[in-house]
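Note sheet for the following structure.
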Amino acid sequence: MTFRRIALLALCIAISACSKINQENYSKLQAGMTKADVEKLLGKPTECAGALGFASCTWGDQKTYISVQYAGDKVLMFSGEGLK
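Quick note, the sequence shown lines up with residues -19 to -1, 1 to 65 if you use mature numbering (1 follows the signal peptide of the UniProt record, and there is no 0).
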(Lines of atoms letter the chains of each structure in order from A and count residues from 1; the text may use other names and numbers.)
(Lines give C-alpha, C1' and ligand atoms only; values in the text may rest on other atoms or scores of the structure.)
Protein backbone atom coordinates (compact mmCIF):
# COMPACT_ATOMS: atom_id res chain seq x y z
CA MET A 1 0.00 0.00 0.00
CA THR A 2 1.16 3.47 -0.68
CA PHE A 3 1.43 6.09 2.01
CA ARG A 4 -1.52 7.97 0.48
CA ARG A 5 -3.81 4.92 0.76
CA ILE A 6 -2.75 4.25 4.34
CA ALA A 7 -3.41 7.89 5.27
CA LEU A 8 -6.85 7.77 3.60
CA LEU A 9 -7.75 4.57 5.42
CA ALA A 10 -6.64 6.06 8.76
CA LEU A 11 -8.72 9.18 8.10
CA CYS A 12 -11.84 7.12 7.31
CA ILE A 13 -11.43 5.13 10.53
CA ALA A 14 -10.92 8.30 12.57
CA ILE A 15 -14.00 9.97 11.11
CA SER A 16 -16.24 6.98 11.80
CA ALA A 17 -14.93 6.74 15.37
CA CYS A 18 -15.90 10.37 16.03
CA SER A 19 -19.61 9.98 15.36
CA LYS A 20 -21.82 12.18 17.50
CA ILE A 21 -24.59 9.56 17.27
CA ASN A 22 -23.70 7.64 20.42
CA GLN A 23 -25.05 6.69 23.86
CA GLU A 24 -23.06 9.43 25.61
CA ASN A 25 -24.67 12.23 23.59
CA TYR A 26 -28.09 10.55 23.72
CA SER A 27 -27.94 10.63 27.52
CA LYS A 28 -27.36 14.41 27.37
CA LEU A 29 -30.68 15.04 25.59
CA GLN A 30 -33.47 16.47 27.74
CA ALA A 31 -37.07 17.47 27.17
CA GLY A 32 -37.27 21.24 26.81
CA MET A 33 -33.91 21.68 25.05
CA THR A 34 -33.96 24.02 22.06
CA LYS A 35 -33.29 22.90 18.48
CA ALA A 36 -30.07 24.92 18.57
CA ASP A 37 -28.89 23.07 21.70
CA VAL A 38 -29.62 19.68 20.11
CA GLU A 39 -27.80 20.62 16.89
CA LYS A 40 -24.85 21.86 18.93
CA LEU A 41 -24.70 18.42 20.57
CA LEU A 42 -25.47 16.18 17.56
CA GLY A 43 -24.68 18.35 14.52
CA LYS A 44 -27.03 18.92 11.58
CA PRO A 45 -29.80 16.29 11.30
CA THR A 46 -29.86 13.73 8.50
CA GLU A 47 -33.52 14.59 7.84
CA CYS A 48 -36.39 16.62 9.29
CA ALA A 49 -40.12 16.80 8.61
CA GLY A 50 -42.99 18.57 10.27
CA ALA A 51 -46.16 20.62 10.15
CA LEU A 52 -48.28 22.89 12.34
CA GLY A 53 -45.53 23.67 14.84
CA PHE A 54 -44.38 20.07 15.31
CA ALA A 55 -41.23 18.58 13.79
CA SER A 56 -39.33 15.32 13.85
CA CYS A 57 -35.60 15.19 13.07
CA THR A 58 -33.32 12.18 12.77
CA TRP A 59 -29.54 11.81 12.98
CA GLY A 60 -27.85 8.66 11.67
CA ASP A 61 -29.11 5.80 9.51
CA GLN A 62 -31.60 2.93 9.75
CA LYS A 63 -29.46 0.87 12.16
CA THR A 64 -27.99 3.58 14.38
CA TYR A 65 -30.00 6.73 14.93
CA ILE A 66 -31.32 9.36 17.30
CA SER A 67 -34.77 10.78 16.62
CA VAL A 68 -36.02 13.98 18.27
CA GLN A 69 -39.58 15.32 18.19
CA TYR A 70 -40.12 19.03 18.71
CA ALA A 71 -43.13 21.14 19.67
CA GLY A 72 -42.23 24.59 18.44
CA ASP A 73 -38.53 25.03 19.18
CA LYS A 74 -38.42 22.69 22.20
CA VAL A 75 -37.72 18.96 22.52
CA LEU A 76 -40.90 17.10 23.33
CA MET A 77 -39.48 13.55 23.29
CA PHE A 78 -36.63 11.56 21.77
CA SER A 79 -35.55 8.00 21.05
CA GLY A 80 -32.52 6.12 19.81
CA GLU A 81 -31.50 2.76 18.37
CA GLY A 82 -28.19 0.91 17.99
CA LEU A 83 -26.23 3.38 20.10
CA LYS A 84 -22.86 2.43 21.60
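We put the CB at the ideal spot given by N, CA and C, even for glycine.
On a predicted model such as this, the values are computed, not experimentally measured, just so you know.
Contacting residues, own chain, Cβ-Cβ under 6 Å from residue i (five flanking each side not counted)
| i | result |
| --- | --- |
| residue 55 | 13 |
| residue 40 | 2, 23, 26, 27, 47 |
| residue 50 | 37, 57, 58 |
| residue 62 | 46 |
C-alpha gap between residue i and residue j, whole angstroms
| i | j | result |
| --- | --- | --- |
| residue 45 | residue -18 | 33 Å |
| residue 23 | residue 6 | 7 Å |
| residue 18 | residue 8 | 14 Å |
| residue 16 | residue 29 | 12 Å |
Nearest candidate by alpha-carbon position, reference residue i, set the options
| i | options | result |
| --- | --- | --- |
| residue 11 | 58, 40, 26 | 58 |
Proximal residues to residue i (C-beta, below 8 Å), its chain only, five neighbours per side dropped
| i | result |
| --- | --- |
| residue 52 | 34, 35 |
| residue 42 | 27 |
| residue 60 | 47, 48 |
Contacting residues, own chain, Cβ-Cβ under 7 Å from residue i (five flanking each side not counted)
| i | result |
| --- | --- |
| residue 31 | 37 |
| residue 4 | 64, 65 |
| residue -1 | none |
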